[in-house]
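Residue numbers (the numbering used here), protein chains in the order written: chain G, 24 to 121; chain L, 134 to 1130. The C-beta atom is built at its ideal place from N, Cα and C for all residues, glycine as well.
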Ligand SMILES: [Zn+2]
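Set out below in structure tokens:
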């Protein structure tokens, strides 16, 4: 069982308290009704599904109930970092070579 | 006497404490402290099982958890019949009853052994090749027969009466394995004061010190030192010592699963003890001291009972005081088997000969064996074993060919060397590295905060192991935060040292195609099976493994993996590291479902949710149905009514008088805040800004893809407060959906969401008499049609307690939903019930509720919709705000496929024969004469007998349904085709006049 750091509770808590909520940083258009079919397809259906670093949303379901973002390596399952919802995608990851 | 093969001068058991037991109905005597294996061997019993595929007679290979052969069924009583217990692990208790498995009619004469003669049929890949065709025969013919023939033990047919417990633990240093290395590591860590857990799978600590007669530590014999060290550790407050505890799985971030066998070794455990305890340990640092497992020699008929690992024979002698034979042979490629021969010889057992595959080995054990007068042969191989139910001879030949010589023996001790137990390391996602010099995989790159010490790390010799482990234990403690380091390292005075051994097939393993030289005993995989797999095109070791099933039995290939790999590599002509090791997976040894499930079974498996009114309904004799976790009153049978009669009566009463219905399970969410209406606009298809306080609206929630997600009536209590209802099953996900959008997409909105499902009990009062029933109990609310029109809500009091009184209807009758704080739910229900009795009201359940709403064509999300239904498909276009520019699903709903012609639409169906009730889920076709497979154009979503309509009614999703009004369609069923007419969805009171009736 993974330990996940909730950026709101500022604590590492067991995975059981959390629920994954899919890929992060996929913005819903402010004019969604006017989006083209292609743009809507990209927004709603297309996900990066990377082997390696993924930016994803989690919810501290059985804790503070907040949604937040996490950087996780899909190969090792290791969490690189977590940060609050609304914060920008980190440009540099801790422990990254460059 | 505890067996003719017991040697009183050997072993550590107290001879006086005997324990009676039975095996296959025969009685024997053993000694307390025995395993079932040692007790049987003491009585000269080697034949204990039949092999999985060929039903070959099998004995004990090992003295520990790696045992692939000696799997037995332990029977305590009718409900406690544990199959596949390794006799080498099961501790003896007085009265233990065990049976052999996989044989019929008896162990000595087994009909299934015909498989052995017919073995060319059962070669590698046999299952895949033979039972491919015809496909239908697999389920009906092949699988049941194979399962019957190849069964390993019999599962108990009664519920498990034992209980299991589960604990979480945190520690600084977790030491896995309690041999010399593990104990040394634990001592070093414990002395610094950090929290230490030391676990070992055996009843007693010591690991290989149990058989290493030459070991001396701190002036004591090795095993005695181990016991003293454990006593010291057990007395320390910061140390938890767990014996009989197997670490079976190593998961992320140093999370380790252990199972403690609490009472399987006790004669009469008593119900206060759990059978097993699951430990889920999170450790700052883990020290792996899991030792090494001896490998067998791969030669013809190496599975005959009496042929076993040399280290096992030594354990049986030095720990249990049992000689595994009177005239033993030894076959080895490694020094450690000499030590077994020496110990047995000194205990008075004749050692017929040592056959060593090596050409010119030298060393003190070889000299000692010779000095004891044991015949030692170098450069020779055992090419065959004689005997069937018990080994009777070994045939020896120079390894490069030449004259054969057959030596009579009653046991053969073998050793091809020792394989480091890297299972847990590998499970931790560490990468193993192949040491070409020692021909073994050892821990290479670590993925977690752990360290391997001793034999599992490829460290040879007791002294080096203890040094390494002590240093590692101290470092682990320091890394985990220990401030001080004190204590003294154990001093190894004498130890044994072994050289390497061999991997793969020995000369006696073929190339003859008929030879059975076993690599994997439990799955009956031979050297030739692995060669054949390569010849048939398997290149990856993972494919070889699956094709041959090598290493796939419950022993997880503990003795077989390395041999299998070496044979595959040799056949492929590749070096071993290029072929690669198969993945190690949890569990290390089999874990019971009981331990995993622990208390979470029966009523504790999942929470049961009951409403405040539940006890009343139960007292009335209601029949309940499960809706998610909720228990809901299904119907209220009176005077011996069946379900049909009860539901008919309830339905008619609601439409002629009135009915009370417990709607408390309805999901309820309060949406509050200055931006509450804006939020509702975004989450529901309907317009909300202009809904006046005190009014209600039926709302539809979509997902972003445009499909219906949930629905429910929403009341606006004040400008900034909405009382939202959801489906019973949908409440948690609707709440999650709302929170998601509020927190991440619309965080600028000033809104709070609160789940109030369990705060409000809801009593639906429906029917022409409903107002008459409620009105006398209500204070402060104008109950007239002008004061409280259909689809409105008022706050006031009922029976003196606060209420949110909704005027709404899910039946099509004049109706109310009385919300009261849950604590008052039952009292208000009873008051309404008493009032209702004056008007002939009934209590009705969920079935009648379903029928009544279907009569009106009201949909149930999740029954009439399935996640691919749009509001338009469901005929609910009217509930979508046409002027709105944004809501969740607005764009998805407009996707080309969702607005295309010919989509499935909800319609009503009437059977041509009004008495016929359709089956929900039944498929609908246009032309029943067409060839099978017919083109299906839809299916029935809801179907009931309607007593109020005097006929059956149904709702269905039908392609282009609304353009088919009046058409005849067909529902083909096993007993004939049912003709139906497509109709509108409203079957009763089409004008809706009864809402104010
Ligand atoms: Zn939190």
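Checklist entry - Which term fits residue 953/L, buried or exposed, when burial requires 16 or more other beta carbons within 10 angstroms of its beta carbon? => result Looking up residue 953/L in the second chain gives position 820. Per the 10 Å Cβ criterion, buried.
Next on the checklist: Quick check on residue 1030/L - is its C-beta less than 8 Å from some C-beta in chain G?
Outcome noted: As a working mapping, residue 1030/L is identified with position 897 in the second chain. In terms of beta-carbon proximity, residue 1030/L stays away from the interface with chain G, with every pair separated by 8 Å or more.
Checklist entry - Interface residues of chain L around residue 104/G at Cβ under 8 Å? => result The residue given as residue 104/G occupies position 81 in the first chain. Correct list: empty, because the minimum Cβ distance to chain L is about 15 Å.
Next on the checklist: Between residue 803/L and chain G, is any beta-carbon pair separated by less than 8 Å?
Outcome noted: Counting from one through the second chain, the residue named residue 803/L turns up at place 670. Closer than 8 Å: no.
Checklist entry - Is residue 498/L buried or exposed, if buried means 16 or more other CB atoms sit within 10 Å of its CB? => result In the second chain, the residue the question calls residue 498/L occupies position 365. Buried.
Next on the checklist: In whole angstroms, give me the CA-to-CA distance for residue 286/L and residue 216/L.
Outcome noted: What you label residue 286/L is simply residue 153 of the second chain in a count that begins at 1. What you label residue 216/L is simply residue 83 of the second chain in a count that begins at 1. Roughly 5 Å between the two C-alpha positions.
Checklist entry - residue 848/L bridges to which residues according to DSSP? => result Taking the second chain and counting its residues from 1, the one referred to as residue 848/L is at position 715. In the DSSP output, where bridge partners are listed per residue, residue 848/L has 829/L and 856/L.
Checklist entry - residue 509/L: which of 520/L, 522/L, 495/L and 516/L sits nearest, CA to CA? => result The sequence position of residue 509/L within the second chain is 376, counting from 1. Measuring from the Cα of residue 509/L, the nearest candidate turns out to be 495/L.
Checklist entry - Between the segment 608-620 of chain L and the segment 445-454 of chain L, do at least 3 Cβ pairs fall closer than 8 Å? => result no
Checklist entry - So, is residue 109/G buried or exposed, given that buried needs 16 or more other C-beta atoms within 10 angstroms? => result Within the first chain, residue 109/G is the residue found at index 86, counting from 1. Under this definition residue 109/G is an exposed residue.
Next on the checklist: Check whether chain L comes within 8 Å of residue 40/G, counting only Cβ atoms and requiring the distance to be less than that.
Outcome noted: Sequence index remark: in the first chain, residue 40/G carries index 17 (1-based). It does not; no Cβ of chain L falls within 8 Å.
Checklist entry - At what residues does the beta strand (DSSP E) containing residue 564/L begin and finish? => result Position 431 of the second chain, counted from the start, is the residue given in the question as residue 564/L. From DSSP, the beta strand (DSSP E) with residue 564/L extends over 564-568.
Next on the checklist: Taking the alpha-carbon of residue 312/L as reference, which of 747/L, 331/L, 326/L and 298/L has the nearest alpha-carbon?
Outcome noted: Residue 312/L sits at position 179 when you count from the first residue of the second chain. Nearest of 747/L, 331/L, 326/L and 298/L to residue 312/L, Cα basis: 331/L.
Next on the checklist: Rounded to whole angstroms, what is the Cα-Cα separation between residue 506/L and residue 585/L?
Outcome noted: Here residue 506/L corresponds to residue number 373 of the second chain, with the count starting at 1. Here residue 585/L corresponds to residue number 452 of the second chain, with the count starting at 1. For residue 506/L and residue 585/L, the distance between alpha carbons rounds to 40 Å.
Next on the checklist: To be precise: take each residue of the segment 379-394 of chain L, compare its Cβ to all Cβ atoms of chain G, and keep it if any distance is under 7 Å. Which residues remain?
Outcome noted: 384, 385, 386 and 388
Checklist entry - What number of angstroms, rounded off, separates the C-alpha of residue 989/L from the C-alpha of residue 1030/L? => result Taking the first residue of the second chain as 1, we reach residue 989/L at position 856. Taking the first residue of the second chain as 1, we reach residue 1030/L at position 897. Straight-line Cα distance between these residues: approximately 29 Å.
Next on the checklist: Shorter than 7 Å, the distance from the beta carbon of residue 86/G to the closest heavy atom of ligand 1, or not?
Outcome noted: Counted from its first residue, the first chain places residue 86/G at position 63. At least one heavy atom of ligand 1 is nearer than 7 Å to the Cβ of residue 86/G, so yes.
Item to check | Closest by C-alpha distance to residue 219/L, when choosing among 688/L, 392/L and 1067/L | outcome: Residue mapping note: residue 219/L aligns to position 86 of the second chain, counting from 1. Checked all of 688/L, 392/L and 1067/L; the closest Cα to residue 219/L is 688/L.
Next on the checklist: Can you find the residues in the same chain that come closer than 6 Å, C-beta to C-beta, to residue 402/L, ignoring five residues on each side of it along the sequence?
Outcome noted: For the purposes of this step, residue 402/L is identified with residue 269 of the second chain, where counting begins at 1. Cβ neighbours of residue 402/L beyond the five flanking positions: 396.
Item to check | residue 31/G: CB within 7 Å of a non-hydrogen atom of ligand 1 | outcome: As a first step, residue 31/G must be located in the first chain, where it is residue number 8. Under cutoff, so the answer is yes.
Next on the checklist: Suppose contacts are defined by Cβ-Cβ distances below 8 Å. Is residue 896/L in contact with residue 961/L by that definition?
Outcome noted: Counting from one through the second chain, the residue named residue 896/L turns up at place 763. Counting from one through the second chain, the residue named residue 961/L turns up at place 828. It is a contact, given that the beta carbons lie within the stated cut-off.
Checklist entry - Any beta-carbon of chain L closer than 8 Å to the one on residue 121/G? => result Working through the first chain from its first residue, we reach residue 121/G at position 98. In this predicted model, residue 121/G has a pLDDT of only 42, less than 50, meaning its place in the structure is not dependable; the value taken from the coordinates is given anyway. No - not a single Cβ of chain L is within 8 Å of the one on residue 121/G.
Checklist entry - Is there at least one non-hydrogen atom of ligand 1 closer than 7 Å to the beta-carbon of residue 42/G? => result The residue you call residue 42/G lines up with position 19 of the first chain. No, Cβ of residue 42/G sits at least 7 Å from all heavy atoms of ligand 1.
Checklist entry - Along chain G, in chain order, which residues have C-beta atoms closer than 8 Å to that of residue 722/L? => result The sequence position of residue 722/L within the second chain is 589, counting from 1. Per Cβ cutoff of 8 Å: no residues; residue 722/L is ~21 Å from chain G at best.
Checklist entry - If residue 543/L sits next to residue 461/L, beta carbons under 8 Å apart, how far is it from one beta carbon to the other, in whole angstroms? => result The residue labelled residue 543/L in the question sits at position 410 within the second chain. The residue labelled residue 461/L in the question sits at position 328 within the second chain. Correct: roughly 7 Å between the Cβ atoms.
Item to check | Validate contact between the segment 1011-1018 of chain L and the segment 1053-1062 of chain L using beta carbons, cut 8 Å, 3 pairs | outcome: The answer is no - the segment 1053-1062 of chain L does not touch the segment 1011-1018 of chain L, with fewer than three Cβ pairs under 8 Å.
Next on the checklist: Could you give the first and the last residue of the continuous alpha helix (DSSP H) run that contains residue 868/L?
Outcome noted: Position 735 of the second chain holds residue 868/L. 864-873 is the span of the alpha helix (DSSP H), which, as asked, contains residue 868/L.
Next on the checklist: Does the distance between the C-beta of residue 89/G and the nearest non-hydrogen atom of ligand 1 fall short of 7 Å?
Outcome noted: On the first chain, position 66 is the one that residue 89/G refers to. For ligand 1, at least one heavy atom lies less than 7 Å from the Cβ of residue 89/G.
Next on the checklist: Check whether the segment 752-760 of chain L and the segment 889-905 of chain L touch, using three or more Cβ-Cβ pairs below 8 Å as the test.
Outcome noted: no
Item to check | Helix, strand or coil at residue 239/L [DSSP, three-state] | outcome: In the second chain, counting from the first residue as 1, residue 239/L sits at position 106. When secondary structure is reduced to three states using DSSP, residue 239/L falls in the coil class, being assigned neither helix nor strand.
Checklist entry - Quick one, which residues of the segment 815-836 of chain L are near chain G if we go by CB-CB under 8 Å, in chain order? => result none
Item to check | 8 Å contact criterion, which residue 1094/L and residue 1071/L should meet: CB distance rounded | outcome: As a first step, residue 1094/L must be located in the second chain, where it is residue number 961. As a first step, residue 1071/L must be located in the second chain, where it is residue number 938. Between residue 1071/L and residue 1094/L the Cβ distance is about 7 Å, and since that is below 8 Å, they are a contact.
Checklist entry - Mind listing which residues of the segment 867-882 of chain L have their C-beta closer than 8 Å to chain G's C-betas, in chain order? => result 869, 872, 873, 876, 877, 878 and 880
Checklist entry - What does residue 907/L reach in chain G if we use C-beta pairs closer than 7 Å? => result By one-based count along the second chain, residue 907/L stands at place 774. Correct list: empty, because the minimum Cβ distance to chain G is about 37 Å.
Checklist entry - Any idea if residue 367/L is buried or exposed, counting beta-carbon neighbours within 10 angstroms, 16 or more meaning buried? => result Numbered from 1 along the second chain, position 234 holds the residue referred to as residue 367/L. The residue is exposed, with fewer than 16 neighbouring Cβ atoms inside 10 Å.
Checklist entry - Name the residues in the segment 1005-1029 of chain L whose C-beta lies less than 8 Å from a C-beta of chain G; which are they? => result 1018, 1019, 1023, 1024, 1025, 1027, 1028 and 1029
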